[in-house]
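Chains as they are written, first to last, in our numbering: chain C, 1 to 123; chain S, 1001 to 1123.
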Amino acid sequence: MSEVVYSSTVTSIGDLVPDFAEQGILVFFGRNAPSELHEFSIIHSPQIQVRAPEVGDDISLAESVYQVLAVGDVVSENLLRLGHLDLKANGLAKPEMPGDVNVEKLVLPTLKIGDRLTVISHS
Amino acid sequence: MSSYKSVVISAGKGGWGGPLTITPTESRPYIYSVTGGGIHPVAARIAELTGGVPFDGFKSSVAFDKIAVAVIDCGGTARVGVYPMKKVPTVDVHATSPAGPLAMFITADLFVSGVKPDDVKAK
Chain C
1 MSEVVYSSTV TSIGDLVPDF AEQGILVFFG RNAPSELHEF SIIHSPQIQV
51 RAPEVGDDIS LAESVYQVLA VGDVVSENLL RLGHLDLKAN GLAKPEMPGD
101 VNVEKLVLPT LKIGDRLTVI SHS
Chain S
1001 MSSYKSVVIS AGKGGWGGPL TITPTESRPY IYSVTGGGIH PVAARIAELT
1051 GGVPFDGFKS SVAFDKIAVA VIDCGGTARV GVYPMKKVPT VDVHATSPAG
1101 PLAMFITADL FVSGVKPDDV KAK
């Protein structure tokens, strides 16, 4: 059975987000992140925060869906405390860094304000 | 007249970079904790030993040129590069190495990682 375990709405998008997206990386932070982090971040406001993504979940960004392949050790703490997520579309089954969430190596979408980030559990 | 003291901050187990010598000044007094859940124990330790002013980056913000040292709990992608990019000495409590889109800014004279309170010593 599928369940939404995290759901959030994009509230602003930093000027450097397209440069990071080109390298297959999207950085998310909650709205209370210091201003110097906003430049390269997608700022969002969560509505559902049951848990952080786990391997085997799907992450949907606007209309695109990505399977979660790896999750670093500090992802849960980052996401639930700070709204922080480093999403990497690199197709790797091992996290390079403790804050990484790796998904399939697919093109990342150009997000807009009001788009949704959703984590879907299938267990 | 300044009553600030110096500390030496060394890389902890599995960490990278440093050691950094940090001395707050009248114009750069802030020990800037960009971590979840308030002032991190490493930032508290630096503030205690130096006489610097602990500051929670998720509560309010301060100009880069007033920061003596930034303490982060970054999983390796984003915060890890932002403060070195602005030439602010940076302490990551997680054991990360230079990587990510901002890796070029992360140098051993500006960055040290894997740091625990015991890795901060009075000079």
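We treat Cβ as the ideally placed atom computed from N, Cα and C, and that holds for glycine. In this text the structure is predicted, and so the values were computed from the model without any measurement.
Taking 6 Å as the limit between beta carbons, can you name the residues of its chain near residue i, skipping five residues before and five after?
i, result
"Met1(C)", "none"
"Ser124(C)", "In this structure chain C extends from 1 to 123, so residue 124(C) is not present and cannot be described."
"Ser76(C)", "Ala52"
"Val5(C)", "Val50, Arg51, Val119, Ser121"
"Val1053(S)", "Pro1029, Tyr1030"
"Ala89(C)", "Gly24, Val103, Lys105, Leu106, Leu108"
Is residue i helix, strand or coil when you go by DSSP?
i, result
"Ile43(C)", "strand"
"Glu36(C)", "helix"
"Asp58(C)", "strand"
"Glu3(C)", "strand"
"Val71(C)", "strand"
"Ala1095(S)", "coil"
"Pro1117(S)", "helix"
"Leu80(C)", "helix"
"Leu26(C)", "strand"
"Val129(C)", "Residue 129(C) lies beyond the residue range present for chain C, which begins at 1 and ends at 123; the question has no answer from this structure."
"Gly1081(S)", "helix"
"Arg1028(S)", "coil"
"Val1088(S)", "coil"
"Asp100(C)", "strand"
Residues in its own chain within less than 7 Å of residue i by CB, not counting five upstream and five downstream?
i, result
"Glu39(C)", "Gly14, Asp15, Leu16"
"Phe1055(S)", "Tyr1030, Ile1031, Tyr1032, Ser1033, Val1062"
"Asp73(C)", "Pro98"
Could you work out which residues of chain B lie near residue i, taking near to mean beta carbons separated by less than 8 Å?
i, result
"Arg81(C)", "Annotation note: the requested chain B is absent from the structure, which comprises protein chains C and S."
Would a C-beta distance cut-off of 9 Å place residue i and residue j closer than the cut-off?
i, j, result
"Ser1027(S)", "Lys1086(S)", "no"
"Val1093(S)", "Asp1073(S)", "yes"
"Ala62(C)", "Asp115(C)", "yes"
"Ile1039(S)", "Asp1119(S)", "no"
"Leu87(C)", "Leu108(C)", "yes"
"Thr1090(S)", "Thr1050(S)", "no"
"Ala1095(S)", "Gly1012(S)", "yes"
Excluding five sequence neighbours on each side, which residues of the same chain lie with their C-beta closer than 8 Å to the C-beta of residue i?
i, result
"Ser7(C)", "Pro46, Gln47, Ile48, Arg116, Leu117, Thr118, Val119"
"Asp19(C)", "Phe40"
>> Please identify, using Cβ separations under 9 Å, the residues of the segment 14 to 45 of chain C that lie next to chain S, in order along the chain.
In response: Leu16, Asp19, Phe20, Gln23, Ile25, Val27, Phe29, Gly30, Asn32, Ala33, Pro34, Ser35, Glu36, Leu37, Glu39, Phe40, Ser41
>> Can you pull out the residues from the segment 1029 to 1059 of chain S whose beta carbon lies closer than 9 Å to at least one beta carbon of chain C?
In response: Tyr1032, Val1034, Thr1035, Gly1036, Gly1037, Gly1057, Phe1058, Lys1059
>> For the segment 58 to 70 of chain C, list every residue whose C-beta sits within 8 Å of some C-beta in chain S, in sequence order.
In response: none
>> At a CB distance below 7 Å, what residues from the segment 93 to 108 of chain C approach chain S? Give them in sequence order.
In response: Glu96, Met97, Pro98, Gly99, Asp100
>> Under 8 Å: do the segment 1098 to 1118 of chain S and the segment 1009 to 1027 of chain S share three or more Cβ pairs, one atom per stretch?
In response: yes
> Which residues, in order along the segment 1080 to 1099 of chain S, keep a beta-carbon less than 7 Å from a beta-carbon of chain C?
Replying inline: Val1082, His1094, Thr1096, Ala1099
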